[in-house]
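Visitor: Take a look at this one; I'll ask things after.
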Amino acid sequence: MFLTEQFGFFSLSALSAWGFLMAFFFNIFIYSIDVKRKTTLLISSFIMMISYMAGDHFFTWLSSTAVTYMHWALYDFVTLLCLAGCYLVIKNSTPSFIYLVCGLSINILLFVSVYLDVQVYENSTYWILWDIYSFGVNIIDFTMIVALIVDRDILGLIRLKNAIKALFKTHHIKHSI
């Protein structure tokens, strides 16, 4: 947990919470001046802001234990369900929405992996998973913040998804003939 040792856990989590707050304020501003009227973007940035602000304050009060990783996984899962509910109501997606779903899903996987490693397997020996977790969660959080602000396919995930979809579609057509 290199980043935590260097910068302190709570300063990075507070920075992420602050970033989602600023992304939400930015999207309110953009929505109010009628530059972008994407309700999905506004609501998803609101959900992320509430999730990270509430989670940051809630988990600050708890001591950081191995069980906290499972709490974070469940917390992100609930956030993912809220985003899914938003999508079902609005039935519209933005590039940032795809990044939020992917980012939260990867974060859940990382939280569960570290929880299993530390709590279930009782590993206390440092290994690469801890660095992957430490860097991964923070990079993903900041990528989601940037995606909410620019609302573009910054890493090409949507192009990759469309290419894979097209590949399977042409593969399915060839085998059905």
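The sequence shown begins at 1 in the UniProt record's numbering and counts up one residue at a time. Even for Gly, the Cβ is constructed at its ideal location relative to N, Cα and C. Since the model is a prediction, treat every value here as computed from it, not as a measurement.
1) Would you call residue 127 buried or exposed, if buried means 16 or more other Cβ atoms sit within 10 Å of its Cβ?
2) Determine the DSSP secondary structure at residue 3, reduced to helix, strand or coil.
3) Just mark residue 73 as buried or exposed, buried being the case when its beta carbon has 16 or more other beta carbons within 10 Å.
4) Closest by CA to residue 150, which one among 26, 159, 16, 81?
5) Quick check: what's the CA-CA separation for residue 77 versus residue 104?
6) Start and end of the alpha helix (DSSP H) containing residue 140?
7) Compare the beta carbon distance of residue 167 and residue 96 with 8 Å and say whether it is the shorter of the two.
Guide: Per the coordinate set shown:
1) Burial check for residue 127: the Cβ neighbour count within 10 Å stays below 16, so the residue is exposed.
2) For residue 3, the pLDDT reaches just 47, beneath the cut-off of 50, and the residue's location in the model is therefore unreliable, leaving the point undetermined.
3) It counts as buried.
4) When each option's Cα is compared against that of residue 150, the closest is 26.
5) Annotation: residue 77 to residue 104 spans about 8 Å, alpha carbon to alpha carbon.
6) 128–150 is the span of the alpha helix (DSSP H), which, as asked, contains residue 140.
7) No, these two residues do not count as a Cβ contact at 8 Å.
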